[in-house]
Structure formats: structure tokens, C-alpha cells
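Here the structure is laid out as C-alpha cells; the discussion comes afterwards.
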Amino acid sequence: MHTTPLACLLASILVVSGLARRALPGEPAPAGTAAGKPASAASKSRPRGKEQGRDKTVRLKTADGWWIVFTYRAPRKGRPVAVLAHGYGSGRAEWSGLSADLHKKGWGTLALDLRGHGDSHTGPAGRVDFNFIDAKDGWNDAAKDLDLTLEFLRGEKIPARRSCLVGASLGANLVSRAAASAPGLACVALLSPGRDYRGVALDEDPGPKAKTLAAASPEDPYAYQTIVGFRARRSTHSLLEASRGHGVGMFQDLDFYKGFLSWLDAAAKR
């Protein structure tokens, strides 16, 4: 985790302000790769908590007809749950390292495959992938996938005040949209958000009462320009800077990763 002096910040603004909008910069590694695992988590086996349930796979249907698949592990009594939304072209496996470390702390996790990704490949038109959604310009509707997960948590007796939404890249923008219509969330974390990904505009004030974090790396100019904008507008969001990476790729910066875990723990306390 690094703190950018004012002089560097001003220089960064000058550098990134002239860059053209890219379709989806720095897309995360495909599902199943280890790019999103911090070194400390990737090298350790998953802990077996005595007070915590095992992973279970759940398949539910959204209001607009998509079958969404997610992996859920219940928290220890009274602990929060992190809902994890991956980036474009990836899948829920990119969160395996973070999930393992959160489980050690008693957190529950819910990592979903967004529509058109991984096991969430069946919609009203039958079996399709994310290219189908691109062609339909339909990514804004994917916020319904997150609405579905929050509805599931309510059924599991997990209140909003113990729920945190965490998104990477396109998932960050979708999280911002879903959080804006889900009052009472404990926290919202946006990893490498952009002003617009695949037609999904970032909601810069997701869940006005939820503690919110935005994070990016200077090596990822489009996302970094977005969080520089938060800072310039004196946003109340917490801001973290990684030395490198996009989305879960920033977890390879272990100082950043430790700071991110600390923020989650602090933000989830009420």
C-alpha cells in the first residue's frame, strides 16, 4: 500500500487526463488461474473452521430469466459475508485466495459467476456466453445477478448490515449499481472501477451509508484516473493504491492486500 504525495498526484492527473477511453483495460486473468491469489494465500491450504460451514454450490434464477451459479460458505456466528463479483471474461474462481483468507477470519463468502460466465451460462435464449451479452449491450442488467445474491443472503438470515459487496473491474461497476439500490449494506469495495465498462456507468456514491473503498494502480491508467477523480472531488470514500495490477491482480502487491483485508475488517464492524 502506498501513499501518493500531492506532487505525484498532480502529475498523475496530467498524465492520465489525455488518455482515450479503452474498451476494458487490464482485463483480469481467466477463471481458474492463480493471478488473483496473493502469494501468502496461494501457498496455503484452505483452513477448516470448526464453527463455519463448508462451501456449497447454489443455482438460482434472476427476475429476467438467467440461472446464476455461486459458491457460498456461511460465516461464523455474527460475522459478515462478502459477496464477490469478478471481472469481464473471468469467473468466481479468481476469488479463491481472498475467500480462503476471509474464512480464516470467520467471514462468509459468496462468489458468483456473472451471467454469461463460467457456470452461469443459461439465460432466456438458452446456453450463451458473455459475447452474447456484448452483442445485446446488456451488461447493465447483470446488476440483477447481485440483487439475487443479496436476496439469497436475506433468506439465510444474513442482514444487510453484515453484508459487503466487493467487485473487480466490470464487477466493481456492477457492484456500485447494485449497492445503490440496497440500503443498509456494511461496506462496498471497488477494485479497479472505471467510469464506464461495457456500457455500465459507475455509480460514484453506492449505498450512501455504506463504507466505501475504491482502489487502483497507476499502471492501470483508466481505473487510476477514476479514483484520482474521487480524490479531486473530496469524496468520503477510502482510497487505496496498489503498485501494479488490475482487479484481483492487485493482490500480488502484498502491502496493498494486507491493507485491503484490514479495511474490510474495520468497515464491517458496526
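In my numbering, the protein residues as written are 1334 to 1603. Even glycine gets a Cβ: it sits at the ideal position worked out from N, Cα and C.
- Rounded to whole angstroms, what's the CA-CA distance from residue 1565 to residue 1558? Just pull it up for me. The alpha-carbon of residue 1565 is positioned some 10 angstroms away from that of residue 1558.
- Assign residue 1454 to one of three DSSP states: helix, strand, or coil. Residue 1454: coil per DSSP, three-state reduction.
- Proximal residues to residue 1618 (C-beta, below 7 angstroms), its chain only, five neighbours per side dropped: The shown model of the chain, from 1334 to 1603, leaves out residue 1618, and the question about it has no answer.
- In chain order, what residues of the same chain lie with their CB nearer than 6 angstroms to the CB of residue 1420, ignoring the 5 residues before and after it? The residues are 1361, 1501, 1502, 1503, 1504, 1580.
- Message: Could you check whether residue 1518 and residue 1540 sit closer than 8 angstroms to each other, using their CB atoms as the reference points?
- Response: In this structure, residue 1540 sits near residue 1518, with a CB-CB distance shorter than 8 angstroms.
- Query: What are the start and end residues of the beta strand (DSSP E) that includes residue 1401?
  - Reply: Counted as a single uninterrupted DSSP element, the beta strand (DSSP E) harbouring residue 1401 occupies residues 1400 to 1406.
- Query: Would you say the beta carbon of residue 1508 comes nearer than 7 angstroms to a heavy atom of the ligand COA?
  - Reply: Among the ligands in the structure shown, none appear at all, so the ligand COA cannot be discussed.
- For residue 1556, count neighbouring C-beta atoms within 10 Å of its own C-beta (all shown protein chains included) and say buried if the count is 16 or more, exposed if not. Within a 10 Å sphere around the beta-carbon of residue 1556 sit 16 or more other beta-carbons, which makes this residue buried.
- Task: Tell me, please, which residues DSSP counts as bridged to residue 1530.
- Result: DSSP lists 1533 as partners of residue 1530.
- Query: What's the gap between the Cα of residue 1590 and the Cα of residue 1577?
  - Reply: Rounded to the nearest whole angstrom, the C-alpha separation of residue 1590 and residue 1577 is 12 angstroms.
- Item | DSSP state of residue 1515 mapped onto helix, strand, coil | Three-state DSSP puts residue 1515 in coil, outside helix and strand.
- Just the Cα atoms here: how many angstroms apart are residue 1562 and residue 1526? Straight-line Cα distance between these residues: approximately 11 angstroms.
- Task: Name, in chain order, the residues that DSSP records as bridge partners for residue 1571.
- Result: Residue 1571 is bridged to 1546.
- Item | Endpoints, the alpha helix (DSSP H) within which residue 1426 is located | Bounds of any alpha helix (DSSP H) do not take in residue 1426, whose DSSP letter is neither H nor E.
- Just confirm the distance between the C-beta atoms of residue 1442 and residue 1415, as a whole number of angstroms; I'd bet it's less than 8 angstroms. Contact holds; Cβ gap of about 5 angstroms.
- Pull up the CB-CB distance for residue 1450 and residue 1424, whole angstroms please, since I reckon it's below 8 angstroms. That pair is a contact at about 5 angstroms.
- Straight-line CA distance for residue 1514 to residue 1394? So the alpha carbons of these two residues sit roughly 19 angstroms apart.
- Query: Excluding five sequence neighbours on each side, which residues of the same chain lie with their C-beta closer than 8 angstroms to the C-beta of residue 1398?
  - Reply: Apart from the 5 residues on each side of it in sequence, residue 1398 sits with its Cβ closer than 8 angstroms to the Cβ of 1456, 1457 in its chain, given in chain order.
- In or out: residue 1469 buried (at least 16 other Cβ within 10 Å) or exposed? The C-beta of residue 1469 has fewer than 16 other C-beta atoms within 10 Å across all chains shown, which makes the residue exposed.
- Message: If distances are taken between C-alpha atoms only, which option among 1599, 1532, 1400 comes closest to residue 1452?
- Response: With distances taken between CA atoms, residue 1452 lies nearest to 1400 out of 1599, 1532, 1400.
- residue 1505 bridges to which residues according to DSSP? BP columns for residue 1505 are empty, so no partner.
- Give the DSSP-derived three-state secondary structure of residue 1591 in the structure shown. It is helical.
- Task: Would you tell me roughly how many angstroms separate the C-alpha atoms of residue 1508 and residue 1462, rounded to the nearest one?
- Result: Going by the C-alpha atoms only, they are around 20 angstroms apart.
- Task: Just list the beta strand (DSSP E) runs in the segment 1435 to 1481, keeping only unbroken ones of 3 residues or longer that don't cross its boundaries, in chain order.
- Result: Within the segment 1435 to 1481, the beta strand (DSSP E) runs of at least 3 residues that lie entirely inside it are, in chain order, 1441 to 1445.
- Message: Rounded to whole angstroms, what is the Cα-Cα separation between residue 1387 and residue 1480?
- Response: Spanning the two alpha carbons is a distance of roughly 23 angstroms.
- Message: According to DSSP, residue 1289 sits in a beta bridge with which residue or residues?
- Response: The structure shown does not extend to residue 1289, since the chain spans only 1334 to 1603, so no value can be given for it.
- Item | For residue 1500: DSSP bridge partner residues | DSSP lists 1418, 1523 as partners of residue 1500.
- Task: Could you work out which residue in 1436, 1493, 1426 is closest to residue 1594 when comparing CA atoms only?
- Result: Nearest C-alpha to residue 1594: 1436.
- Item | Anticipated Cβ contact below 8 angstroms, residue 1446 with residue 1403, distance rounded | With a Cβ gap of about 7 angstroms, residue 1446 and residue 1403 count as contacting.
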